[in-house]
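Residue numbers (UniProt numbering), protein chains in the order written: chain A, 1 to 291; chain B, 1 to 384; chain C, 1 to 252; chain D, 1 to 336.
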Amino acid sequence: MFAEFIQYLFTGITIGATYALVALGFTLIYNASHVINFAQGEFLMIGGMATVSLLGMGFPMPVAIVLAVMLAGIIGVALQRFAIAPAKQADVVTLIIITIGASIFIRGIAQLVWGKEYHVMPNFSSDEPIRLFGAVLNSQSFWVLGIGALLVVALVLFFTRTLMGKAILATSMNKDAARLVGIRTQMVLMLAFMLSALLGSMAGVTVAPITFTAYDIGIMLGLKGFVAAALGGLGSGVGAVVGGLLLGVVEAMTAGYISSDYKDAVAFSMILLVLFFMPRGLFGSRVVERV
Amino acid sequence: MSKKLLRRAGFLAATLAAGIFAGAQAAQPIKIGSFLSVTGPASFLGDPELKTLEMYVERINEAGGVLGRPLQLIHYDDAGDASAARNFASRLVRSDRVDIIVGGSTTGTTMAAVPLIEQARTPFISLAGAVVITDPVKPWVFKTPQSDRAAAQRVLQDMKDRGITRIGLISGTDGFGRSGREQTLAVAPEMGIEVVADVTYSPSDTDMTAQLTRIRNTPGVQAVFNFGFGQSPAIVTRNYAQLGIDLPFYQSHGVASDRFLELVGRAGEGLRLPASPLLVPDSLPDTDPQKRVVQAYKSAYEQRWNTQVSTFGGYAFDGLMLAVEAIERAGSTDREAVRKALESIQGYVGVTGVFNMSPTDHNGVGPESFRILEVRNGQWHLIQ
Amino acid sequence: MSALIDVKGLDKAFGGVNAVEGLSFSVDAGQIYSVIGPNGAGKTTLFNLITGIYTPTKGEIHLNGESVVGMEPNKLAERGMSRTFQQMQICMNMTALENVMLGRHLQLKSNLLTTLLRLPSLLKDEEDCRDHAIELMKFVGCGEYIESDASAMSYGALKRLEIARALAADPKVILLDEPAAGLNGTETAALEALIKKIAAQGITVVLVEHDMKLVMGISNRLLVLNYGRKLAEGTPEEIRNNPDVIAAYLGG
Amino acid sequence: MLNSFMQMRLKGLVILAVIILILPLFMSNPFHYDMATQIAIIAATVVGLNLLVGYAGQISLGHAGFFGIGAYFSAVMTSNYDWPPLPTLLLAAALVGVIAWIVGRPILKLKGHYLSMATLAVGFIIAIIINNEGWITGGPDGMPVPSFSVFGWELSSFNQYSFLGMEVNGYKAWYFFAGLLLLLAVWVAQNIIDSPIGRALRSVHGSEVAARVVGVDTARYKSLVFVISAVYASLMGSFYAHFTGFITPHIASFEHSIVLITMVVLGGMASTFGVILGAAVLKLLPQVLADFQELEMMMFGLILMLTMIFMPKGLLPTAQKLLKKKMSRKKVEEQA
C-alpha cells in the first residue's frame, strides 16, 4: 500500500517538476510583458530534438545539451524581437493568437528539419532503475528533480542578486518607472524570453529520456505548463513550482487510485475549484482595482 | 528550400489553373484519390503509406500503367483530423472526381469520410484497423489491415496456448486504443480469458507507471496486454521494464515497426505482438506464398526511401494493388464494376496476408494472417 | 433636513495600511459638498467606498437612511448614486453619444425578447434615450461631439462627457472626482457654471477637487482629509480659518 | 438619424445576402458548395462567439465544448432514440444554455487569463467526457449522424428537390439553408449589439467600472452573453453534425476552440462581418495550402503570425481603415 503510494507520488513529482519548469517559463514572460506565451512548449521540443540530433552528429552529450539550450535561447530572443515586439500595441487575445501562430510555425519547421518520428534520448546516467521504499524509480527522475531544483535556485539568485534580475523585476512592476530610471525595457523583455526559453529547453532535455521526443511534444506539455502557472497564480514563481508539482501529483494519484480515463478531467476540475475560491490562483498577487 | 517552395508555388498555380479550365486531359489517367494522416499524431501511419503510394504509382506508370492508362495520385494530408479527412474526401469525390480512393490512415478519419463516399458511390479501400469499418459491410468500403478484433483474437489465442487465463489490459484513449480495448473485452470471454485489470492512458501522457502499478497490484494477473499505437506503447514498455514486472507482455499490431524496437531498446526484450510477416521476411519458410511479395516490397521501399519499412506502408501497398487488380479485372474504371471486382478477389497474396474478399467480407484477411513475433536480442523473432 | 449620505466610523485598510480611518461625516440633500486634502489623503478611496467599488474594512454608510455597505455599484446606481472618475472611465470602443446613452441604462425597459426581435417598443425607447442623451451632451457643452467616437474627443470634452453620462441616470447625488484636473482657466470657469446648474436641478453634488478657488467658490460645506482622517469639516469660511488646515496645507 | 442608422444595419445584411446569392456563380462543383455550407455554419458560430469575445471582451478558450454538446446531443438523440431533429436541436440549445449559465456564473467573475484558463478547463472536461463515454458517443472514432429533417421533409446533400418548378440538388439546398442560417444569426447578433443590452455588453469591455456605476449588473450581462454565445455554438454544432453526417470528439476539442477564437481575432474583433471573413479564410486556408504538403504547417503558422502582427485589429477592420484613408485622400485631392 505504502509502496504504491510512494510510486504514484514520485511519478507525479517527476512529471510535475517538468510542468513546474514550463510554468516558470510562462511566469517569467508574463511578469516582464503580461503576455501568455503559447509557444512555451516549443522550447521543450527544441531542447529535446536539438540534443537528439546533435548527439546523432557525434557530439558528446554535455556539448549537445549546451548547444541545444543555446539554440532555444536564440529562438526565444527571435520570438520576442520579431513576433511580440512589433505587435506591442495589440490586444491580449491578439498576442495569444500571435504566440499560437509562432508555435505552429516553429513546429512546422521542426517537422521539416527533424522529421515526424519519435526519438530516443539516452538517460544522463545509468539505465538501472532505483528502488526506494518499495517503489521503483527511473534514475532520470532524479536528474529531472535535481536540475529542476537547481534551476529554481539559480533563478532566485538571479532575481535577488544580479542587476539584470532586478531590472526584470522592476520592469514587471512598472514599465514606465523602469524606463525612467534608465532600464532598457526592450532589452529586459528579450532577456525574459531568453531565460524562459532556456528554462523550457532544459526541461525538454531532462525529460526527453523519460518521454521520448518529437516535433509535436511541445503542445501538451506547454498547455499543462500554462495550467500549472494559472493554478499557482500567474506571475508568482512559488506558484509556478507548487502549481506544477500539484498538477503532476494529482494526475498520478488520479490515474493510480481513481480512473485513468478521467485523470485529466480531475486535474481540470481541481483548477476550476481553486479558481472559484481563489480567483488569482494559489499564490497570485491580490491586486486592488485602481480607478 | 526556397527553390522547392517556388516549384511548389508553381505547381499550385498550375493545379489551380487546371481546376479552373478543367477539361484539357490528354491521356485520361486513372485517378487514385487518397487522404492520409501524413502529419499530426498519426503521421507514423500516414507517412509510410504515402511513400508507398507515391513509389508504386511511379513504378506502375513506368511499367505502362493500368489498362494502358497512367495512374494519377491525388493526395491530401488530413493531419489526423476527422473533419479535415471528411472535407478532403469530399474534394476527392466531388471536385477531383477520382475513380477510387485508397486512404484513411485512422479509423476516425475513415469513418468520417464513409457516409460521403458511400453516397458518392466511389470504391474506397481504407487503411485503418477497427472492425466497424467493414462490419457491418458497406457496399463501397473495403479495408486492408486485419481488424483489431482479429489482433485481439490472435494475441489471446497465443496467451491461451501458453496457459494464461487472467490478464491485465492497458490501452490508449485514442480511437485505436479504445476500439482495441472494446474488441479485446468482447473477445476475451469467448476465448475463456478473464480481463481482471483494465486501465487506460491518454496519448499525450508521458508516464504510465501509475497505471502499470495498478495492474501489478491486481491479484491473479498472469500477463499484460497493451493495445495502443504511437509512442505511448513504447513508454508503457519502458515503464513495464523499469517496474520489473516479469509477467509475459504483449503489444498490439499498432506498434509493429522497427522504429518501436529503437524506442524501447532493451526494455522490449521478450515482448510479443501480432504482426504481418513484413518485419521478418527472411524467417518465413520458402513455402510461404507471402515470402516473395514481402521481400520485394521491403527491399524496394528501403532502397527508394532509405528508411526502414513499416507494416503500415504495407497496408497501402495492399490497398493500391487490390485497386489495380480490381480495375484490371473490371476492364474499366466503371465504379460498380470495380466494386464488384473488389468483392470477387480471391487468394490475392499481399504483404499483410492472403486476401479473400466476398460480398459479406470486405476485409478478406483474418487472425491467421497475423504472425506472432517476439523480441529477442533487439530483433523480431518469428514464433512458429 | 435629513442627511442624504451618512458615513460613520469608516475604515479601509490595504495590506495593513489604513487609507481611510475612523471617518464620519454627512452630506445633506441639495448641497454642494467638497472633499479636499493633499495627495494620498484618501479622497479617491473614500469615493470608491461610498460608490461600492471597495468594501470598507469597518464602518457604516447610509444612503437616504438605508445601509449600503457592501452593496454592488450597480445596486447603488439604482438608488440614485452616480459618479465620475479621476482617471476617466470612458468606453473608448463606443461613440460619445453611446457613452451617454449607457448612462440611461437603468431607465430603459428592454428585455431579451424585444432585443432579439427588435420590436417597435424597443425602438421607441431607444429613440427617447437618444434624444435625452443629445440634450445632455448639449447641456454639458459637448454638442459638437454628438456624432464622434469617444476616442476622437479632447481631454476636456471627455471630462464633460463623463459628467453627462453620470447625469443621464437621473441621479439624486453625483460624485465628481477632480473634474477640474487638467483643465485650463476658461474650461474651469465653464465647469463651475455647470456644477452650479447641476446643483440648481436639485441634484446633490459631492466633489473631490484640488482647485481651491473653485472649491471655495461653490461649496456649501467642505471636508478636509489628511492621512485618511478627518482634519476639519465646515463651511468654506470655517475651513479657511481653521488652524489645523492652514498648518497641513502650508506644510506645518 | 435613427433611420440612417437602421439603413446602415440593413446594408450589411443585404450585402451578405447578395454575396450568398451570387457565390454559386463561382462554384463549379459540389465540393465548393460543401465548403461554402460549412463556412456558413462555422461563421454563424463565430458570430455568436464574437458577441462574447469581440463585444464583451471576455475570452473563451472552450467554446468548442458547447459546439460539441450541441452536435453530440443531436447526433445521439436522433440516431439512437429516433428523436426528430428540429426539437432535439432546440432542446440541445436549451440544455447548453442552462449549462453555460451554471458554469458561467462563477467563472465569469475571473478576469483576463484566469478566465481563459477556466473556459479552457470547461471545454476540456466536456471533450474528455465525449471522448470517454464511447457507449453513447462512439468514443474517439466518432459517430454517424442522420440527415436533418423537418416534418418528414429530409434535407440531405445527396437528395434532389424540386422548388418552384426548378430542380435543386441537395448540396445546393443545404448551401442556401446554411446561408439563411447565417443571415439569421447575423440579424439577431446585430439586434443585440445595437440595443441597450449590446451597449451594456460593450461597456463591460470598454470600462467595467464605468458600466457598474451607471447601474449595469455586469455579472448578469456577462452571464447573458456567455449563454447567448454558447447557444449559438450549440445550434450550429447541431446543424454541422447533421450536415457533415459524421462527427468525432475533435469538434469539441481545445484545438477547435482555438480555431474558433482565431477566426474571431483574425477576421476582426467586434466586427460581425469581419469574423465571417475570418471563418472563411481559416476554413479555406488548409484547402489552399494542401498542395504544399510538408510545408503546410509552417506556412499556416507564418501566415497566422504575420497577419496578426501587421493587422492586429483583424482583416476587415484593417481593410476598412485603409479604404477610408484612401477615400478621404481622394476627397482631399478632388477638392484641391
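Built from N, CA and C at the ideal position, the CB exists for glycine as well.
> Taking B:Ala152 as the reference, which of B:Gly46, B:Gly180, B:Lys160 has the closest Cα?
Replying inline: One-based indexing of the second sequence puts residue 152 of chain B at position 152. Looking at the Cα atoms, B:Gly180 is the closest of the given residues.
>> Which residue wins for smallest C-alpha separation from D:Val53, given the options D:Ala92, D:Ser271, D:Ala178, D:Thr218?
In response: Looking up residue 53 of chain D in the fourth sequence gives position 53. Looking only at D:Ala92, D:Ser271, D:Ala178, D:Thr218, the smallest Cα-Cα distance to D:Val53 is reached by D:Ser271.
> On the three-state DSSP scale, how would you describe B:Asp205?
Replying inline: For this step, residue 205 of chain B is matched to residue 205 along the second sequence. In this structure, B:Asp205 counts as coil in the three-state DSSP scheme.
>> Please list, in chain order, the chain C residues whose beta carbon lies closer than 8 Å to that of D:Ala44.
In response: For the purposes of this step, residue 44 of chain D is taken as residue 44 along the fourth sequence, with counting starting at 1. None at all; the shortest Cβ gap to chain C is about 15 Å.
> Nearest chain C C-beta to D:Gly198 closer than 9 Å, yes or no?
Replying inline: As a first step, residue 198 of chain D must be located in the fourth sequence, where it is residue number 198. Yes, its Cβ sits closer than 9 Å to a Cβ of chain C.
> Which residue or residues does DSSP assign as beta-bridge partners of C:Lys8?
Replying inline: Counting from one through the third sequence, the residue named residue 8 of chain C turns up at place 8. Bridge partners of C:Lys8: C:Glu60.
>> Run through chain A and tell me which residues come within less than 7 Å of B:Val199, C-beta to C-beta.
In response: On the second sequence, residue 199 of chain B is found 199 positions in, with the first residue counted as 1. Those are Ser260, listed as they occur along chain A.
>> Starting from A:Arg131, trace the beta strand (DSSP E) in both directions and tell me its first and last residue.
In response: The residue labelled residue 131 of chain A in the question sits at position 131 within the first sequence. From DSSP, the beta strand (DSSP E) with A:Arg131 extends over 130 to 132.
> What is the DSSP secondary structure of C:Ala41, counted as helix, strand or coil?
Replying inline: Position 41 of the third sequence, counting from 1, holds the residue named residue 41 of chain C. Looking at C:Ala41 - three-state DSSP - the assignment turns out to be coil, as it is neither helix nor strand.
>> At a CB distance below 7 Å, what residues from the stretch 40 to 64 of chain C approach chain D? Give them in sequence order.
In response: Cβ contacts with chain D come from Thr51, Ile53.
>> Under 9 Å, Cβ to Cβ, is there at least one residue of chain A near D:His250?
In response: By 1-based counting over the fourth sequence, the position of residue 250 of chain D is 250. Answer no: the Cβ-Cβ gap between D:His250 and chain A never drops below 9 Å.
> Between A:Val250, A:Ile96, A:Ile29, which lies nearest to A:Ala265 when the distance is taken from Cα to Cα?
Replying inline: Here residue 265 of chain A corresponds to residue number 265 of the first sequence, with the count starting at 1. Comparing Cα positions, the closest option is A:Val250.
> Cα separation between C:Leu39 and C:Leu225?
Replying inline: On the third sequence, residue 39 of chain C is found 39 positions in, with the first residue counted as 1. On the third sequence, residue 225 of chain C is found 225 positions in, with the first residue counted as 1. Note that residue 39 of chain C corresponds to Asn in the displayed sequence, not to Leu. So the two alpha carbons sit approximately 10 Å from each other.
>> Please report the distance separating the alpha-carbon of A:Leu79 from that of A:Ile147.
In response: For the purposes of this step, residue 79 of chain A is taken as the residue at position 79 of the first sequence. For the purposes of this step, residue 147 of chain A is taken as the residue at position 147 of the first sequence. Going from the Cα of A:Leu79 to the Cα of A:Ile147 covers about 25 Å.
> Per DSSP, D:Arg212 is paired with what?
Replying inline: Within the fourth sequence, residue 212 of chain D is the residue found at index 212, counting from 1. In the DSSP output, where bridge partners are listed per residue, D:Arg212 has none listed.
> What residue range is occupied by the uninterrupted beta strand (DSSP E) comprising residue 290 of chain C?
Replying inline: Nothing can be reported for residue 290 of chain C: it is not among the residues displayed for chain C, which extend from 1 to 252.
>> For the alpha helix (DSSP H) containing B:Lys340, name the first residue and the last one.
In response: What you label residue 340 of chain B is simply residue 340 of the second sequence in a count that begins at 1. Where B:Lys340 is concerned, the enclosing alpha helix (DSSP H) stretches over 335 to 344.
> Given B:Val137, which residues of its chain have a CB within under 7 Å of its CB, disregarding the five upstream and five downstream residues?
Replying inline: Here the question's residue 137 of chain B lines up with position 137 in the second sequence. Closer than 7 Å at the Cβ level, and outside the excluded window around B:Val137, lie Thr360, His362.
>> Going by C-alpha to C-alpha distance, which of D:Ile39, D:Gly142, D:Ile258, D:Leu322 sits closest to D:Pro249?
In response: Here residue 249 of chain D refers to the residue found at position 249 when the fourth sequence is read from its first residue. It is D:Gly142 whose Cα lies nearest to the Cα of D:Pro249.
>> Threshold first: 3 residues or longer. Then list the beta strand (DSSP E) segments lying entirely within the stretch 126 to 190 of chain A, N to C.
In response: 130 to 132, 135 to 137
> Which ranges does the beta strand (DSSP E) cover as unbroken runs of at least 3 residues, wholly within the stretch 5 to 42 of chain A, from first to last along the chain?
Replying inline: none
> So A:Leu67 packs on A:Leu55, CB below 8 Å; how close in whole Å?
Replying inline: In the first sequence, counting from the first residue as 1, residue 67 of chain A sits at position 67. In the first sequence, counting from the first residue as 1, residue 55 of chain A sits at position 55. The pair is not a contact, with the Cβ atoms about 10 Å apart (cut-off 8 Å).
> Near C:Gly252, what residues of its chain come up, given a Cβ to Cβ distance below 8 Å and the 5 sequence neighbours on each side ignored?
Replying inline: Counting from one through the third sequence, the residue named residue 252 of chain C turns up at place 252. Legend: pLDDT at C:Gly252 = 45, less than 50; position of this residue unreliable, no value from coordinates given.
> What are the start and end residues of the beta strand (DSSP E) that includes B:Ile383?
Replying inline: Along the second sequence, read from residue 1 onward, the residue named residue 383 of chain B stands at position 383. Per DSSP, B:Ile383 belongs to the beta strand (DSSP E) from 379 to 383.
> Quick one, which of C:Gly30, C:Asp125, C:Ala29 has its alpha-carbon nearest C:Lys109's?
Replying inline: Translated into the one-based positions of the third sequence, residue 109 of chain C becomes position 109. Selected option, being the one with the closest Cα: C:Asp125.
> Which value, in whole angstroms, describes the spacing of the CA atoms of B:Ser147 and B:Phe227?
Replying inline: Position 147 of the second sequence, counted from the start, is the residue given in the question as residue 147 of chain B. Position 227 of the second sequence, counted from the start, is the residue given in the question as residue 227 of chain B. Cα to Cα, the separation comes out at about 13 Å.
>> Just to make sure I have the definition right: I need the residues of chain B whose C-beta is within less than 7 Å of the C-beta of A:Ile15. Which are they?
In response: Working through the first sequence from its first residue, we reach residue 15 of chain A at position 15. Within chain B, the residues near A:Ile15 are Thr206, Asp207.
>> Taking 9 Å as the threshold (C-beta atoms), are D:Leu182 and D:Ile193 in contact?
In response: Counted from its first residue, the fourth sequence places residue 193 of chain D at position 193. Counted from its first residue, the fourth sequence places residue 182 of chain D at position 182. Going by C-beta atoms, D:Ile193 is not nearer than 9 Å to D:Leu182.
> Looking only at its own chain, which residues have a Cβ that is under 6 Å from the Cβ of B:Asp99, when we skip the five neighbours before and after it?
Replying inline: Position 99 of the second sequence, counted from the start, is the residue given in the question as residue 99 of chain B. Same-chain partners within the cutoff: Ile30, Lys31, Thr333.
> Out of curiosity, what's the CA-to-CA distance linking D:Ala290 and B:Glu325?
Replying inline: Counting from one through the fourth sequence, the residue named residue 290 of chain D turns up at place 290. Counting from one through the second sequence, the residue named residue 325 of chain B turns up at place 325. The alpha-carbon atoms of D:Ala290 and B:Glu325 are separated by roughly 29 Å.
> Would the beta-carbon of D:Leu235 be found less than 8 Å away from any heavy atom of the ligand HEM?
Replying inline: Among the ligands in the structure shown, none appear at all, so the ligand HEM cannot be discussed.
> What beta strand (DSSP E) runs, 3 residues minimum, are completely inside the stretch 263 to 325 of chain B?
Replying inline: 272 to 275
> Does the distance from the C-beta atom of C:Glu192 to that of C:Leu214 stay below 9 Å?
Replying inline: Here residue 192 of chain C is taken as the residue at index 192 of the third sequence, counted from 1. Here residue 214 of chain C is taken as the residue at index 214 of the third sequence, counted from 1. For the 9 Å CB-CB criterion, C:Glu192 and C:Leu214 form a contact.
> Does DSSP put B:Gln72 in a helix, in a strand, or in coil?
Replying inline: Position 72 of the second sequence, counted from the first residue, corresponds to residue 72 of chain B. Here DSSP, grouped into helix, strand and coil, assigns B:Gln72 to strand.
> Among B:Leu320, B:Met321, B:Val294, which one has its Cα closest to the Cα of B:Ser310?
Replying inline: Numbered from 1 along the second sequence, position 310 holds the residue referred to as residue 310 of chain B. The shortest Cα separation from B:Ser310 among B:Leu320, B:Met321, B:Val294 belongs to B:Val294.
> Residues of chain D with a CB under 7 Å from the CB of B:Arg86: which are they?
Replying inline: Along the second sequence, read from residue 1 onward, the residue named residue 86 of chain B stands at position 86. Going along chain D in sequence order, the residues near B:Arg86 (Cβ under 7 Å) are Thr244, Phe246.
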